[in-house]
Amino acid sequence: MSTIACDSPRSALDEPAWRALCETEAAQATKGCGLSHDYYVERFSSAIDEQVARLPEDQRAQALQIAQEWDYATPAERQEAQDWNAEHGYCSHGIELGYCPAGCDSDY
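Residue numbers are given in my numbering: position 105 of the sequence shown equals residue 109, and the series is strictly consecutive.
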């Protein structure tokens, strides 16, 4: 996993480097999501959250805004999706219970 380095707390976000990092994280999330968009969003967004935490506070909003181009979702948005899935018969991967290749609720 790459990281974005900054020279000082007041430096500007290196947008090309951040976009490259988002591309890399999106590719990694895609490889492990089993074609589930919900799971992709969870994997990608979690990875971005880890990277954003390493940035200076004044760069984080811009970085997250850019990450939305790859379907970044906030922790609250991800929780809302998980709650909706649970209430409507879908597993945490966003797949109908009983059909998830990961075996979620395989007794269904």
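Don't be surprised by glycine CBs; every beta carbon is placed ideally from N, CA and C.
Since the model is a prediction, treat every value here as computed from it, not as a measurement.
Just so you know, the alpha carbons of residue 46 and residue 78 end up roughly 9 angstroms apart. Contact between residue 22 and residue 51 does not hold, since the beta-carbon distance rounds to 13 angstroms and is not under 8 angstroms. For residue 42, the enclosing alpha helix (DSSP H) begins and ends at 41-56. Looking at the DSSP output, residue 100 sits in a beta bridge with 94. As the crow flies, the alpha-carbon of residue 82 is around 10 angstroms from that of residue 43.
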